[in-house]
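Some notes on the structure that comes next.
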Amino acid sequence: MHDQFEVLGEIEWHKFTSSKFRTGGTEVKTKRFIPEKGLLGVLLGRKRVFTGPDGRPYRWDLETTVVVLSRDDGSRMEVARFHRATLGIIGRKRKAMLEVSPEVAHMMDTVIMTFIYVEKLRRDQEDGAN
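Numbers given in this note's numbering equal positions in the sequence shown, counted from 1, plus 405.
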């Protein structure tokens, strides 16, 4: 079964220095590939930007209940959204889900890898606040 899978990318996590992405035979520091954006991004780590393999700018916004990927241009077109799991205390119970637009299907590995990175950052911030 192991032969059926392929490694698309890896994240080498670091606490005190920049983590690293490895994909397609290249390695890049996260502070260079997906830096914080704007004053709130730098202070709170709530916005991360990167350039996709299609040459377009993208931005992850890390909110309390949702994480959203959109184009970081005039259109601000949303291309992915992560919904956290809910227990159903208020509203319906649902499992966690990452919705991805067909607009970015050509770079699904980049979407997933950057999502894993920003979601871990969000969870670490949340854990630190508690």
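Where is the CB? At the ideal position from N, CA and C, for every residue including glycine.
Checklist line | Where the alpha helix (DSSP H) through F410 begins and ends | finding: Segment: none, F410 is in no alpha helix (DSSP H) and carries neither H nor E.
Notebook entry, point to check: Under a three-way DSSP split, which group does E468 fall into?
Noted result: In the three-state DSSP reduction, E468 falls in the coil class, being neither helix nor strand.
Checklist line | Extent of the continuous alpha helix (DSSP H) run through T435 | finding: 435-438 is the span of the alpha helix (DSSP H), which, as asked, contains T435.
Check: Can you tell me the Cα-Cα spacing of H419 and R527, whole angstroms?
Finding: If I take the Cα positions, the gap works out to 15 Å.
Notebook entry, point to check: Can you name the residues that DSSP bridges to K425?
Noted result: Paired residue(s): E417, K434.
Margin query: Helix, strand or coil, according to DSSP, for L526 in the structure here?
Written below: Reduced to three states, the DSSP call for L526 is helix.
Check: Taking the alpha carbon of K500 as the point to measure from, which residue in E508, A510, R489, V523 has its own alpha carbon closest?
Finding: Checked all of E508, A510, R489, V523; the closest Cα to K500 is R489.
Next item on the list: Compare the C-alpha of F426 against each of E531, V516, Q530 and name the closest.
Entry: If you compare the alpha carbons of E531, V516, Q530 with that of F426, the shortest gap goes to V516.
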